[in-house]
Amino acid sequence: MQITKQTNYALRMLMYCAAHEGSVRLSDVATFYGLSQSFMHKVLQTTSKAGFVKTMRGRSGGLMLARPPEEITVGEVVRAVEDRFEMAECFREDTTCPLEQSCGLNGAFHEALDAFLTVLDKHTIADITNERANINVLATLEAMTRLPLDNDSAFAKQ
């Protein structure tokens, strides 16, 4: 299972918010991850609409988690941000597979997807943020060196 880049950065945005006290600026999140503000704005719209972040306008505005990080599961974020889970053609409503009615792959793939999401439901934003101090140190080091913490292309697709 491979998540989209938007889901990857939605989770990272939530981790960034969890690691910082108070509100953060979208431009800081975008700069930190080396992304355009327009891309991060799209991620912000999705996460805000889903109720994960709230935004404040004005000079001291920004964004912050709408709920405690212990109450937001990775699974619910993935479900909210991913527009569809297509592991195979048979996942689509407009499938043209002639074996759709008799093939067991569809059921197996759905079972695997359910298991994947069940595991993600066991982890919260607080869990994946780990300790705020460690995230803040890594954030500072990455910002100073502009070296990514991981190989994004290995875990996320466009």
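Numbering (the numbering used here), first residue to last: 27 to 184. Every residue gets a Cβ at the ideal spot worked out from N, C-alpha and C, and that includes glycine.
Given that a residue counts as buried once 16 or more other Cβ atoms are within 10 Å of its Cβ, and exposed if not, what is residue i?
| i | result |
| --- | --- |
| Val145 | exposed |
| Cys43 | buried |
| Gly88 | buried |
| Met82 | exposed |
Alpha carbon to alpha carbon, how far is residue j from residue i? Give it in angstroms, no decimals.
| i | j | result |
| --- | --- | --- |
| Thr57 | Tyr35 | 12 angstroms |
| Val55 | Ser62 | 10 angstroms |
| Thr30 | Asp140 | 18 angstroms |
| Glu108 | Arg85 | 32 angstroms |
| Lys75 | Gly130 | 36 angstroms |
| Phe78 | Phe142 | 21 angstroms |
Candidates the options: which alpha carbon is nearest residue i's?
| i | options | result |
| --- | --- | --- |
| Thr150 | Thr81, Glu102 and Thr73 | Glu102 |
| Asn132 | Asp147, Met66 and Phe111 | Phe111 |
| Gln71 | Leu52, Ile29, Ser86 and Ala138 | Leu52 |
| Glu47 | Gly130, Val107, Lys148 and Met90 | Met90 |
| Phe65 | Thr33, Ala45, Ser49 and Val50 | Thr33 |
| Ser49 | Lys80, His67 and Lys68 | Lys80 |
| Ala152 | Gly60, Val69, Val100 and Tyr59 | Val100 |
**Q.** alpha helix (DSSP H) runs wholly inside the region 61 to 97, at least 4 long, in chain order
**A.** For the region 61 to 97, whole alpha helix (DSSP H) runs of length 4 or above, ordered along the chain, are 63 to 75.
**Q.** Meets three-Cβ-pair contact criterion under 8 angstroms: the region 31 to 50 and the region 89 to 96
**A.** Touching, yes.
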